[in-house]
Amino acid sequence: MITSHYPDSAARGFTTHSGPCTVYCNGTQMRAYCRHGVTVVQVTGEIDATNIDRVYHYAHRFVDVAPGLILDLSEVDFMCARGIFALYALSHECRIARTDWIVLTSPAVARLLGVGDPNRVIPATDSEHLALAGVAGHQRAGRSAS
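Going letter by letter, the sequence shown gives residues 1 to 146 in the UniProt record's numbering.
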């Protein structure tokens, strides 16, 4: 499991207002916004050992509050091997919270998933349209089944 070096780092340093705000952290930029009722957490730059915990905690804070979540890594140029563990942890947390989610990949992230997730446990696509349609489609199906 991904754990932080600082016990309260999940809450410290993140904005809580409703407007879009970019968080900068050691070579990454993170922001969250809503699109068609789905929360999109967009991460750009390089995800490495110096910022993977912060990226995980930033994305994790939206798991319980979002009916659908897209982790947009389409502009990530590098992702360290620990990124696989963070994605597995997010997948586990989304499953527990019953939050539909998907990773929007860049070529670098897709390569890492190809090696680290050969059984395709982590839902992923390189298409923004498919990511949005998939998560929004699961939401509609869940509402009509209830």
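For every residue, glycine included, the Cβ atom is placed at its ideal position computed from N, Cα and C.
As the structure is a computational prediction, the values presented were derived from the model and not from experiment.
Could you check the C-alpha separation between residue i and residue j for me, to the nearest Å?
i: residue 161; j: isoleucine 70; result: Outside the displayed span of the chain (1 to 146) sits residue 161, for which this structure offers no information.
i: aspartate 72; j: glutamate 128; result: 8 Å
i: phenylalanine 85; j: leucine 112; result: 11 Å
i: valine 115; j: valine 65; result: 31 Å
Buried or exposed: which applies to residue i, given that a residue is buried once 16 or more other Cβ atoms fall within 10 Å of its Cβ?
i: isoleucine 52; result: buried
i: glycine 134; result: buried
i: histidine 5; result: Low local confidence applies: a pLDDT of 34 at histidine 5 is under 50, so the model's placement there is unreliable, and no value is given.
i: threonine 50; result: exposed
i: valine 121; result: exposed
i: alanine 81; result: exposed
i: cysteine 34; result: exposed
i: glycine 68; result: buried
Could you spell out the range, first to last residue, of the beta strand (DSSP E) harbouring residue i?
i: alanine 32; result: 28 to 35
i: valine 23; result: 23 to 25
i: valine 121; result: Careful: valine 121 lies outside any beta strand (DSSP E) and carries neither H nor E.
i: aspartate 100; result: 100 to 104
So residue i packs on residue j, CB below 8 Å; how close in whole Å?
i: valine 43; j: threonine 28; result: 6 Å
i: phenylalanine 78; j: alanine 59; result: Contact flag wrong, Cβ pair sits at about 17 Å.
i: alanine 124; j: threonine 99; result: Incorrect: roughly 16 Å between the Cβ atoms, too far for contact.
i: alanine 97; j: valine 63; result: 5 Å
Legend entry - Whole beta strand (DSSP E) elements within the UniProt domain "STAS" (28 to 95), 3-residue minimum: 28 to 35, 38 to 47 and 68 to 79
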